[in-house]
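For the sequence shown, my numbering gives the first residue as 1320, with consecutive numbering after it. Glycine residues also receive a C-beta, built at the ideal position from the N, C-alpha and C atoms. On a predicted model such as this, the values are computed, not experimentally measured, just so you know.
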Amino acid sequence: MSGEGGEALGALDPRCINAIASELQRSWPGSATLSPNRLGLGTTLDRHHAFIAAVQGLCDRGLLAYEALLIGIGGPEVRDAALTARGRALLQNNLVRAAA
């Protein structure tokens, strides 16, 4: 992924980024509730940490907005998550390249 913001995403787990982006592209322009289990990322503590880091990284870069991040016994859950317009454009290009 190149261009503005692309290099910075390289530090995040690509599997998490692609799963989050795919789910939110499907729900565009609405929002969705995300969790590692719902996205098929697994339920291990390492996967939970990677998911949280991906959500935080996307939000910090202005690509993702959400209402609440809940962390409990069942793992992390992001409620009412949605891609920003910038996030949708940047991540859609990334998904197209990954599929090629």
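Collapsed DSSP secondary structure at residue i in the structure displayed
i, result
"isoleucine 1392", "coil"
"aspartate 1379", "helix"
Residue burial classification, residue i (beta-carbon count within 10 angstroms, cutoff 16)
i, result
"leucine 1389", "exposed"
"alanine 1351", "buried"
"arginine 1345", "exposed"
"alanine 1404", "exposed"
"aspartate 1332", "buried"
"alanine 1369", "buried"
"proline 1355", "buried"
"leucine 1358", "buried"
Check whether residue i and residue j have beta carbons under 7 Å apart
i, j, result
"isoleucine 1336", "alanine 1372", "no"
Nearest-angstrom beta carbon gap, residue j and residue i [assumed within contact, 8 Å]
i, j, result
"alanine 1330", "leucine 1410", "Contact doesn't hold; Cβ gap of about 15 Å is too wide."
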